[in-house]
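Asker: First residue of the sequence shown? That's 1 in this note's numbering, and the numbers climb one at a time after it. Here a beta-carbon is modelled for each residue, glycine too, at the ideal position from N, C-alpha and C. All values derive from a computational prediction rather than experimental measurement. Have a look at this one.
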Amino acid sequence: MKTGSQIRLLLWKNWTLRKRQKIRFLVEIFWPVLLFIGLVWLRKANPLYQQHECHFPNKAMPSAGILPWIQGIFCNANNPCFRYPTRGESPGVVSNYNNSVLARFYVDIQDLLLNETEVQQFGRLWHEMTSFSNFMDKLRNNPSAVAGRGLKIDDILKDDEVLTAFLLRDADLSESIVYQLVNAQIRLEQFAFGVPDLQLKDIACSQALLERFIIFPSRMGLHGVRNAMCALSQQRLQRIEDILYANLDFFKIFRLMPQVLDNHSHGIDLHYWGLVLKAASEKIQVLLKRESSQELLRVISSLFQAGGPSSFTQLMSGVSSLFCGYPEGGGSRVLSFNWYEDNNYKVFLGVNGSKNHNYVYDDTTTPFCNSLMQTLESNPITKIVWNSVKPLLMGKILYTPDSPVVRKILKS
Numbered sequence: 001m002k003t004g005s006q007i008r009l010l011l012w013k014n015w016t017l018r019k020r021q022k023i024r025f026l027v028e029i030f031w032p033v034l035l036f037i038g039l040v041w042l043r044k045a046n047p048l049y050q051q052h053e054c055h056f057p058n059k060a061m062p063s064a065g066i067l068p069w070i071q072g073i074f075c076n077a078n079n080p081c082f083r084y085p086t087r088g089e090s091p092g093v094v095s096n097y098n099n100s101v102l103a104r105f106y107v108d109i110q111d112l113l114l115n116e117t118e119v120q121q122f123g124r125l126w127h128e129m130t131s132f133s134n135f136m137d138k139l140r141n142n143p144s145a146v147a148g149r150g151l152k153i154d155d156i157l158k159d160d161e162v163l164t165a166f167l168l169r170d171a172d173l174s175e176s177i178v179y180q181l182v183n184a185q186i187r188l189e190q191f192a193f194g195v196p197d198l199q200l201k202d203i204a205c206s207q208a209l210l211e212r213f214i215i216f217p218s219r220m221g222l223h224g225v226r227n228a229m230c231a232l233s234q235q236r237l238q239r240i241e242d243i244l245y246a247n248l249d250f251f252k253i254f255r256l257m258p259q260v261l262d263n264h265s266h267g268i269d270l271h272y273w274g275l276v277l278k279a280a281s282e283k284i285q286v287l288l289k290r291e292s293s294q295e296l297l298r299v300i301s302s303l304f305q306a307g308g309p310s311s312f313t314q315l316m317s318g319v320s321s322l323f324c325g326y327p328e329g330g331g332s333r334v335l336s337f338n339w340y341e342d343n344n345y346k347v348f349l350g351v352n353g354s355k356n357h358n359y360v361y362d363d364t365t366t367p368f369c370n371s372l373m374q375t376l377e378s379n380p381i382t383k384i385v386w387n388s389v390k391p392l393l394m395g396k397i398l399y400t401p402d403s404p405v406v407r408k409i410l411k412s
């Protein structure tokens, strides 16, 4: 039999069979049409879930540093997904968090303060303050360590001092006596606990008291000063003391005092540090006007406002902006840890479970705790963990037997 005859015979057979079984014929025609219509309806009712190309932030190992390691754990807990390559994918780059508030604030500090020559001298200030503090401690606790040494009066007078002219003109002292006084040294150990309660006349007329407070260049100078000063009245001596205090340069005193104990020590140069602090103050004012500083103050104020954050989400958002702050402006959220194998289509499609979740408000706790528990129960990821931990945190009393008497006791 030829091929044409076989085809003609087969078509006759099919036509005869379907003409005799009309219901089967209709089912064979309309069943594929119904399947196609059903597929079209499903596509219209449930649009395709479009997931762009995902670039997940890298998670640093502990060997990269404690801070990058902790940031990698905390900032990636939400499993963010970015459309474009992240900064951490570049060779040699560990952190993705250079756009965080703290990172930008640190960059501004480094630009305005840490790289400035004046600010870099703060280490020197700390060294000088430590040296001065050690000297004062030794002066109070062990005055004998500086016994026999002192500060020369001429070295601690102001550059435009008038004490010498006053002693020569008004006090009517000779040049040799004035020379002995100006070149004498003051014993610091005698003033470690304050100014002694003695009359100036008694000190001026006593050789022992003069030697107790002042070291003279020579014994002859000591006798000459004692005789000249003792001849003056108490009022004139008080006037000399007032002029001495008025002409002391305390900037020099703070700088020279530690050298009494050690010639290589450096005191505090208040003139220099006044200029440094002035320059640093101007830089700090510029820093406070930077956007990073304003944003840092805004985030911190929202975290520590009265009553605290209004919700757990706001708390996490504030902390995330401080430590994370993705440069891409934030990424889409992949709700499941394994979204491409998740059996829950709502999670796969990014449907928020809180829409269909009715949370029972707890009047016995704070609004923040209610918001926290609602957030935990609405997220499919945290809900499983929260249901396991909730009895331990919220408290649950186990009792037996389950009888009316026992329930009455527990209720009371």
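Starting from residue 13, trace the beta strand (DSSP E) both ways and give me its first and last residue.
Answerer: Not the beta strand (DSSP E): residue 13 falls in the alpha helix (DSSP H), residues 3-20.
Asker: Using a Cβ-Cβ cutoff of less than 8 Å, which residues in the same chain neighbour residue 451 once the five nearest sequence positions on both sides are dropped?
Answerer: Because residue 451 is not part of the residues shown, which for the chain are 1 to 412, the question remains open.
Asker: Using 8 Å as the Cβ pair cut-off and three pairs as the minimum, do the region 73-84 and the region 53-63 touch?
Answerer: Result yes; three or more Cβ-Cβ pairs closer than 8 Å.
Asker: Check whether the region 22-39 and the region 56-70 touch, using three or more Cβ-Cβ pairs below 8 Å as the test.
Answerer: Counting Cβ pairs under 8 Å, fewer than three are found: no touch.
Asker: If we call anything under 8 Å between Cβ atoms a contact, is residue 219 one with residue 204?
Answerer: No, Cβ-Cβ distance for residue 219 and residue 204 is not below 8 Å.
Asker: Alpha carbon to alpha carbon, what distance is there between residue 247 and residue 162?
Answerer: Going by the C-alpha atoms only, they are around 7 Å apart.
Asker: Could you pull out every residue in the same chain whose Cβ sits closer than 7 Å to the Cβ of residue 138, ignoring the five residues on either side in sequence?
Answerer: The answer, listed in chain order, is 145 and 261.
Asker: State buried or exposed for residue 268, treating a residue as buried only when at least 16 other CB atoms are found within 10 Å of its CB.
Answerer: Residue 268 comes out buried.
Asker: Who are the near neighbours of residue 222 in its chain, counting only those whose CB is closer than 6 Å to its CB and skipping five residues on each side?
Answerer: Answer for residue 222: 216, listed in chain order.
Asker: Alpha carbon to alpha carbon, what distance is there between residue 249 and residue 96?
Answerer: Cα to Cα, the separation comes out at about 54 Å.
Asker: In angstroms, rounded to a whole number, what distance separates the CA positions of residue 286 and residue 325?
Answerer: Each residue's Cα considered, the two are about 23 Å apart.
Asker: Quick check on the burial criterion: 16 or more other C-beta atoms within 10 angstroms. Buried or exposed for residue 73?
Answerer: Classification of residue 73: exposed, given that the 10 Å Cβ count is below 16.
Asker: Answer yes if the region 106-114 comes into contact with the region 286-297, meaning at least three C-beta pairs across the two stretches below 8 Å, and no otherwise.
Answerer: Output reads yes: the region 106-114 touches the region 286-297.
Asker: Drop a sphere of 10 angstroms on the beta-carbon of residue 129, count the other beta-carbons inside from all chains shown, and report buried for 16 or more, exposed for fewer.
Answerer: When all chains shown are included, residue 129 counts as exposed.
Asker: Report the partner residues of residue 214 according to the DSSP bridge assignment.
Answerer: Note: residue 214 sits in a beta bridge opposite 186.
Asker: Pop quiz: residue 199 and residue 235 are said to be a contact at Cβ under 8 Å. What is the actual Cβ separation, rounded to whole angstroms?
Answerer: In fact, because the Cβ distance is near 12 Å, the residues do not count as touching under 8 Å.
Asker: Tell me whether residue 178 is buried or exposed, calling it buried when 16 or more other Cβ atoms sit within 10 Å of its Cβ.
Answerer: Counting Cβ neighbours within 10 Å, residue 178 comes out buried, since at least 16 surround it.
Asker: CA-CA distance, residue 228 and residue 237?
Answerer: Cα-Cα distance, rounded: 11 Å.
Asker: Is residue 173 helix, strand or coil by DSSP?
Answerer: Looking at residue 173 - three-state DSSP - the assignment turns out to be coil, as it is neither helix nor strand.
Asker: So within the region 117-172, which uninterrupted alpha helix (DSSP H) runs reach at least 4 residues, ignoring any that extend past its ends?
Answerer: You should have 117-120, 122-141 and 163-169.
Asker: Closer than 7 Å by C-beta to residue 345: which residues in its own chain qualify, once you throw out the five before and the five after it? Chain order, please.
Answerer: Confidence in residue 345 is poor, its pLDDT being 39 and thus under 50, which makes the residue's placement unreliable; the coordinate value appears in the next sentence. Taken in chain order, the list of residues that qualify is empty.
Asker: Start and end of the alpha helix (DSSP H) containing residue 98?
Answerer: Note, residue 98: premise wrong, no alpha helix (DSSP H); not H, not E.
Asker: In terms of residue numbering, what span does the alpha helix (DSSP H) encompassing residue 366 cover?
Answerer: Note, residue 366: premise wrong, no alpha helix (DSSP H); not H, not E.
Asker: Between residue 211 and residue 281, what straight-line distance do the alpha-carbon atoms span, to the nearest angstrom?
Answerer: Going by the C-alpha atoms only, they are around 46 Å apart.
Asker: Shortest alpha-carbon distance to residue 185 belongs to which of 153, 168 and 201?
Answerer: Cα-wise, what sits closest to residue 185 is 153.
Asker: Could you name the residues of the same chain whose beta carbon sits closer than 6 Å to that of residue 8, not counting the 5 residues immediately before and after it, in chain order?
Answerer: Contacts found: none.
Asker: Please classify residue 338: does DSSP put it in a helix, a strand, or coil?
Answerer: Because the pLDDT at residue 338 is just 44, under 50, the model does not fix this residue reliably, and the value given afterwards should be weighed accordingly. Reduced to three states, the DSSP call for residue 338 is coil.
Asker: Note down, in chain order, each residue of its chain lying with its Cβ closer than 7 Å to the Cβ of residue 252, except the 5 sequence neighbours on either side.
Answerer: Excluding sequence neighbours, residue 252 sits near 155 and 156.
Asker: I need the straight-line Cα distance from residue 170 to residue 278, nearest angstrom please.
Answerer: If you take the alpha carbons of residue 170 and residue 278, they lie about 41 Å apart.
Asker: If you compare alpha carbons, which of 245, 243, 4 and 206 is closest to residue 230?
Answerer: Selected option, being the one with the closest Cα: 206.
Asker: Ends of the alpha helix (DSSP H) at residue 62?
Answerer: No alpha helix (DSSP H) contains residue 62, which DSSP labels as neither H nor E.
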